[in-house]
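A.B. asks: Before anything else, here's the structure in question.
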Amino acid sequence: MSNRLWTALCVALVAAFAAASVGDMGGLGRFLVVLGFGMLAAFTLEMVLDPPEPKQTAPQREPVSRGGFSRSMLDRMPAPFILIDLRGRVTYSNGEAARVLPRIRPGAHFSTMMRAPDFIEAIESVAKTGRERHVHFILPSRAQQHVVAHIALLPAGGEFGPDEQIMIQIEDQTEQYRANTLRSDFIANASHELRTPLASIIGYIETLRGHAKDDPEAREHFLGIMEKQAARMRRLVDDLMSLSRIELSEHVRPGDLVDLHTLAREAAAGLEPQRAQYEARLTLDLPDTPMLVKGDRDQLVQVLVNLIDNGMKYGGDGAGVTVQSAGEDTRYPGMVGITVVDSGPGIAREHIPRLTERFYRVSAKQSMEKGGTGLGLAIVKHIVKRHMGDLAIESTLGQGSRFTLWFPMAKGAAQDSAAPESIEKTDA
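Set out below in structure tokens:
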């Protein structure tokens, strides 16, 4: 009781005693009447001046499962999480489930979420047997997501409520599936590429042991073919080992400062025997000033060798190949580029996005004839990726191709755009 209330009551009591001594009513009657009105006035005054504080109630807590999983925790899970009752009705789904399965609705039957027979059968099986199931299926979307659903029966009175429920957690394994597919395809393709020349060599060995063993001319002919097939196998093994080494170091950023112009000249000099063999024209249109980037010297030379060699190899007799600095391009800010241009037959548009795939060939027959392994541009792609760069491919049928390597400019390196010096290499 507040001090104001006690004061008011005392005043009322004094007034009552005073009233009891005067007036026509009996002393006790007057006293009680005045005291009653005084107390009523005192309590009214107290309520107006000092209203009672509202009753403190415990804050409302978020519904929590017995295991301590709040709804907000489940909503923030990065994987779809769904609960359904034994009638098949959805009782809960988190935000990720709504994103992955747009058709999911509270109270809706689970079979309306998607058309995946294996998924539906697995849920029905868990409901009947109580045994946990893991089922793989593909979400019906353009991206073809490969997912695994972990399905289990939650007992009555368990963590998520008094009734039995079925818990579904969906795990996206698309990237893992694609990686496994690429690995399987790679092994199959590599085995095929090795098996073909090996079968050819074995066949010629049997021929040499048979009717050709006493024919010197036939023997020399078959030995020449065997030598080519063995060389093809060696190139393939070398490229496979090279690709493996590059992939092992792909996440380690190189830190050496190198000059792309110097590396291009070294690559061209190393390809002089091939240039003479193909009767190609190789032109270096590069300035004397350096083009500095941070990179692995040997790997960048390998990239340039692959691109220049491809231009001469597939450009046809007397093909022209030019190596030149790329001008500034707003699509590649802060980067410098070097371009390999050939005057070959060009590449159809539909092939360009797949050129850097392992063992992909525009013309398998031509590639075999030219000694290609189908791994050259895959190696280029992985080296460029390690250097945080980009490979731009432009080609038009009948008009040749342009392969431009873009790399981040070395910080603090001055890139001068002096007039280029043209050097053409031809047969002596």
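In mature numbering (1 follows the signal peptide of the UniProt record, and there is no 0), the protein residues as written are -20 to -1, 1 to 408.
Glycine residues also receive a C-beta, built at the ideal position from the N, C-alpha and C atoms.
#1: To the nearest angstrom, report how far apart residue 428 and L81 are at their CA atoms.
#2: Put F17 into one of helix, strand or coil per three-state DSSP.
#3: Rounded to whole angstroms, what is the Cα-Cα separation between R95 and E144?
#4: Can the beta-carbon of A306 be found less than 8 Å from the beta-carbon of T384?
#5: Give the straight-line distance between the Cα atoms of G250 and F61, rounded to the nearest whole angstrom.
#6: Out of P325, T161 and L284, point me to the one whose CA is closest to S343's CA.
#7: Determine which residues share a DSSP beta bridge with M147 and list them.
#8: Which residue comes first and which comes last in the beta strand (DSSP E) that contains D278?
#9: Where does H89 fall in DSSP's three states?
#10: Who are the Cβ neighbours of M271 in its own chain at under 8 Å, not counting the five residues just before and after it?
#11: Between the C-alpha atoms of F117 and V70, what's the straight-line distance to the nearest angstrom?
#12: Going by DSSP, what residues sit across from H116 in a beta bridge?
#13: Comparing C-alpha positions only, which one of L287, G298, N286 and E112 sits nearest to A256?
#14: Rounded to the nearest angstrom, what separates E374 and V303 at their Cα positions?
#15: State the CB to CB distance for the pair G291 and D322, rounded to an integer number of angstroms; the pair is presumed to be in contact (CB under 8 Å).
#16: List the residues that DSSP assigns as beta-bridge partners of Y72.
#17: Excluding the 5 residues preceding and the 5 following G235 in the sequence, name in chain order all residues of the same chain whose CB lies nearer than 8 Å to its CB.
#18: If I measure Cβ to Cβ from S222 and keep anything under 7 Å in the same chain, skipping five residues before and after, which residues do I get?
#19: Helix, strand or coil, according to DSSP, for P253 in the structure here?
#20: Check E227 in the structure and name its three-state DSSP category.
#21: Do the stretch 209 to 221 and the stretch 169 to 176 make contact, defined as three or more Cβ pairs closer than 8 Å?
#22: Mapping DSSP to helix, strand and coil, what is I359?
#23: Whole angstroms is fine: what's the gap from A107's alpha carbon to P86's?
#24: From L284 to Q156, what distance separates their C-alpha atoms?
#25: Who pairs with V273 in a beta bridge, going by DSSP?
#26: Measuring straight from C-alpha to C-alpha, what distance separates L63 and M147?
#27: Helix, strand or coil for E337? Go by DSSP, reduced to three states.
#28: Rounded to a whole number of angstroms, what is the C-alpha to C-alpha distance between E101 and R113?
#29: How about F202 and L188: do their beta carbons lie closer than 8 Å?
#30: Report the rounded CA-to-CA distance for R83 versus M93, giving the unit in angstroms.
#31: With a CB to CB cut of under 6 Å and the five nearest residues on each side skipped, what residues in its chain are close to R366?
#32: Measuring CA to CA, which of D152, V115 and G110 is closest to Q125?
#33: Cα-Cα, which of R79, V127 and E259 is closest to V301?
#34: Enumerate in chain order the residues of its own chain whose CB-to-CB distance from A328 is below 7 Å, with the five nearest sequence positions on each side excluded.
#35: Comparing C-alpha positions only, which one of Q254, T154, L264 and F99 sits nearest to R245?
#36: Go to L371, then tell me how far its beta strand (DSSP E) extends in each direction, as first and last residue.
C.D. replies: Result, derived from the coordinates:
#1: Limits of the chain in this structure are -20 at one end and 408 at the other, which puts residue 428 out of reach.
#2: What you label residue 17 is simply residue 37 of the sequence shown in a count that begins at 1. Per-residue confidence for F17 stands at a pLDDT of 48, beneath the threshold of 50, marking its modelled position as unreliable; no derived number is given.
#3: As a first step, residue 95 must be located in the sequence shown, where it is residue number 115. As a first step, residue 144 must be located in the sequence shown, where it is residue number 164. Each residue's alpha carbon lies about 25 Å from the other.
#4: The residue given as residue 306 occupies position 326 in the sequence shown. The residue given as residue 384 occupies position 404 in the sequence shown. Going by C-beta atoms, A306 is nearer than 8 Å to T384.
#5: The residue you call residue 250 lines up with position 270 of the sequence shown. The residue you call residue 61 lines up with position 81 of the sequence shown. Approximately 59 Å, taken between the alpha carbons.
#6: Taking the sequence shown and counting its residues from 1, one reaches residue 343 at position 363. Among P325, T161 and L284, the Cα nearest to that of S343 is on P325.
#7: Looking up residue 147 in the sequence shown gives position 167. According to DSSP, which records beta bridges pairwise, M147 is partnered with L63 and A132.
#8: If you number the sequence shown from 1, residue 278 lands on position 298. Counting along the chain, D278 falls outside any beta strand (DSSP E), though it belongs to the alpha helix (DSSP H) covering R277 to Y294.
#9: To locate residue 89, count along the sequence shown from 1; it is residue 109. Correct three-state label for H89: strand.
#10: Your numbering for residue 271 matches position 291 in the sequence shown. Once the five neighbours on either side are set aside, the close Cβ partners of M271 are D239, L240, H241, S305, V316, I318 and Q395.
#11: The sequence position of residue 117 within the sequence shown is 137, counting from 1. The sequence position of residue 70 within the sequence shown is 90, counting from 1. Approximately 20 Å, taken between the alpha carbons.
#12: The residue labelled residue 116 in the question sits at position 136 within the sequence shown. Partner(s): V128.
#13: The residue given as residue 256 occupies position 276 in the sequence shown. Nearest option by C-alpha distance: G298.
#14: Numbered from its first residue, the sequence shown carries residue 374 at position 394. Numbered from its first residue, the sequence shown carries residue 303 at position 323. Near 15 Å, if we compare the C-alpha coordinates of V303 and E374.
#15: Here residue 291 corresponds to residue number 311 of the sequence shown, with the count starting at 1. Here residue 322 corresponds to residue number 342 of the sequence shown, with the count starting at 1. The Cβ separation is near 3 Å, so the contact holds.
#16: As a first step, residue 72 must be located in the sequence shown, where it is residue number 92. Per DSSP, L63.
#17: Working through the sequence shown from its first residue, we reach residue 235 at position 255. So the qualifying residues of the chain are K274.
#18: The count along the sequence shown starts at 1 and reaches residue 222 at position 242. Excluding sequence neighbours, S222 sits near I359.
#19: In the sequence shown, the residue the question calls residue 253 occupies position 273. It is helical.
#20: By one-based count along the sequence shown, residue 227 stands at place 247. Here E227 sits in helix by DSSP.
#21: yes
#22: The sequence position of residue 359 within the sequence shown is 379, counting from 1. If DSSP states are grouped into helix, strand and coil, I359 belongs with the helices.
#23: Residue 107 sits at position 127 when you count from the first residue of the sequence shown. Residue 86 sits at position 106 when you count from the first residue of the sequence shown. Spanning the two alpha carbons is a distance of roughly 19 Å.
#24: Numbered from its first residue, the sequence shown carries residue 284 at position 304. Numbered from its first residue, the sequence shown carries residue 156 at position 176. Whole-angstrom Cα-Cα distance: 32 Å.
#25: Locating residue 273 in the sequence shown gives position 293, counting from the first residue. According to DSSP, which records beta bridges pairwise, V273 is partnered with V238 and M389.
#26: Numbered from 1 along the sequence shown, position 83 holds the residue referred to as residue 63. Numbered from 1 along the sequence shown, position 167 holds the residue referred to as residue 147. The alpha-carbon atoms of L63 and M147 are separated by roughly 5 Å.
#27: As a working note, residue 337 is residue 357 in the sequence shown. It is coil, neither helix nor strand.
#28: Here the question's residue 101 lines up with position 121 in the sequence shown. Here the question's residue 113 lines up with position 133 in the sequence shown. Roughly 10 Å between the two C-alpha positions.
#29: Here residue 202 refers to the residue found at position 222 of the sequence shown. Here residue 188 refers to the residue found at position 208 of the sequence shown. Yes; because the gap between Cβ atoms is below 8 Å, this pair is in contact.
#30: Counted from its first residue, the sequence shown places residue 83 at position 103. Counted from its first residue, the sequence shown places residue 93 at position 113. Going from the Cα of R83 to the Cα of M93 covers about 5 Å.
#31: Position 386 of the sequence shown, counting from 1, holds the residue named residue 366. These residues qualify, in order along the chain: E230.
#32: For the purposes of this step, residue 125 is taken as the residue at position 145 of the sequence shown. The shortest Cα separation from Q125 among D152, V115 and G110 belongs to D152.
#33: Indexing the sequence shown from 1 puts residue 301 at position 321. Among R79, V127 and E259, the Cα nearest to that of V301 is on E259.
#34: Numbered from 1 along the sequence shown, position 348 holds the residue referred to as residue 328. Hits under 7 Å: L377.
#35: Position 265 of the sequence shown holds residue 245. When only C-alpha atoms are compared, the closest one is L264.
#36: The sequence position of residue 371 within the sequence shown is 391, counting from 1. D370 to S375 is the extent of the beta strand (DSSP E) around L371.
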